[in-house]
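Numbering (mature numbering (1 follows the signal peptide of the UniProt record, and there is no 0)), first residue to last: -19 to -1, 1 to 404. Using N, Cα and C, we set each Cβ at its ideal position, and we do this for glycine too.
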């Protein structure tokens, strides 16, 4: 590192630049998957899917006492989706992060962060970067941040447009909000207890064949984390209200809550027992949307690895009750995971054969097995196997055949080289 610094000085770079920190990092992450009943039940005569996707990243992080900035380029593709002699690949390579963060006061309590960035809070149930997905998630936003001792606060603002429009603010990019404002407040209440409060106001552009308007919904709630000795308890609960994200005048009234209890039984065994309930639409209240939506969460982390719920699916539906036991066996360089989920519908589901009858609320049981091995400081390999044991209610709700084998297997290599260019 001293030789690099000498080289920069020799090249005539100013002393203030030599004193800065510039870090170069990269990621190469191919993942091969076998899918037969991923996200929904398989049919008996259905052929499985088998494919490899890859995420490639290269990033720069600049830091000094008053300012930070980061740029990360990302390429996401499926192996074989282009010929060997390729001229261009539309939208495969994009900017995943491009932001600055500057201090606003001499005490280093207030900061302004702006640009394309990942937004992550608490356990990522409401805001997460969706790191499992190869494309991940980032936002175009400004954040006003405050931090002192164990108190933290973020105020976020975003307003999206498809292009530079001079006479309209119409927004037609699917799956994204038009406008977003939020407040996240975190306080350490004691050495063993932390609390977060979150309020989100989201504006969505909705349209019919003749008109368009912006509908606003709100999410408010709390996340509590208690940890003492061998016990860790996490409690979360949120309400959603305001306008339903549809063109008509339906209102939104939804909720969710969950509890995790983890016991560190020993060096090699950490079981977690928990539940989560997300409200669904009441079939007897057609004029109101009661389905809760975790809009910006890392949803693959919750409700099973096979992504049957809230990973681009099971939205505006019957809700979910998830009862689970998760066990982690951490070894020296290897981590084993065994998760069992039992899923139930939160709302009653009418029987298609007789509307006055209701189906069983039981949807199925999922088994998730995973192993992660750290090869060295820059490389790891992860493999997993999952299987869904669905019910007849799951068949009616999502399609497929409960008697077919619905399983999924993957192997993923992650290589993250990095080094400092200046220090």
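Exposure label - residue i; buried when at least 16 CB within 10 Å
i	result
residue -14	For residue -14, the predicted model reports a pLDDT of 48, less than 50, meaning its position is unreliable; a value from the coordinates is still stated below. Exposed, because fewer than 16 other Cβ atoms sit within 10 Å of the Cβ of residue -14.
residue -17	Only weak support is given to the placement of residue -17: the predicted model assigns it a pLDDT of 47, under 50, and the question is left unresolved by the model.
residue 10	buried
residue 303	buried
residue -10	Summary for residue -10: the model assigns pLDDT 47, below 50, so the residue's position carries little reliability; its value from the coordinates is reported in the next sentence. Per the 10 Å Cβ criterion, exposed.
residue 347	buried
residue -19	Its pLDDT being 46, under 50, residue -19 is placed unreliably in this model, and the value from its coordinates should be taken loosely. Exposed is the call here.
residue 159	buried
residue 405	One cannot answer for residue 405 here, as it falls past the ends of the chain, which runs -19 to 404.
residue 171	exposed
Residue range of the unbroken alpha helix (DSSP H) whose run includes residue i
i	result
residue 356	Note, residue 356: premise wrong, no alpha helix (DSSP H); not H, not E.
Residues sharing a beta bridge with residue i, DSSP
i	result
residue 349	320 and 367
residue 97	79 and 121
residue 231	The partner list for residue 231 (beta bridge, DSSP) is empty, contrary to what the question assumes.
residue 257	239 and 303
residue 388	17 and 368
residue 220	201 and 236
residue 12	34 and 393
residue 213	208 and 243
Range of the contiguous beta strand (DSSP E) that encloses residue i
i	result
residue 377	No beta strand (DSSP E) contains residue 377, which is instead part of the alpha helix (DSSP H) from 373 to 379.
residue 339	335 to 339
residue 198	193 to 209
residue 57	48 to 59
residue 30	30 to 44
residue 403	399 to 403
residue 165	160 to 171
residue 175	174 to 188
residue 106	Here residue 106 belongs to no beta strand (DSSP E), and DSSP marks it neither H nor E.
Presumed contact (8 Å Cβ cut-off) between residue i and residue j, rounded CB distance
i	j	result
residue 195	residue 177	The Cβ separation is near 28 Å, so there is no contact.
residue 92	residue 399	That belief does not hold up - the Cβ atoms of residue 92 and residue 399 are roughly 24 Å apart, past 8 Å.
residue 252	residue 296	Not quite, the Cβ-Cβ distance comes to about 31 Å (not below 8 Å), so this is no contact.
residue 391	residue 14	5 Å
residue 141	residue 162	At roughly 13 Å, the Cβ-Cβ gap does not stay under 8 Å, so residue 141 and residue 162 are not in contact.
The segment 155 to 168 touching the segment 74 to 91, judged by at least three CB pairs closer than 8 Å: no
The segment 263 to 279 / the segment 222 to 236 touching (three or more Cβ pairs under 8 Å): yes
The segment 60 to 67 in contact with the segment 104 to 117 per 3-pair CB rule at 8 Å: Touching, no, given that fewer than three Cβ pairs across the two stretches are closer than 8 Å.
Touching by the beta-carbon criterion (3+ pairs, under 8 Å), the segment 303 to 321 and the segment 334 to 345: Short answer: they don't touch.
Inter-stretch contact at 8 Å, needing at least 3 Cβ pairs: the segment 15 to 23 / the segment 274 to 294: yes
Touch test, the segment 327 to 335 against the segment 293 to 301, Cβ-Cβ under 8 Å, three pairs minimum: yes
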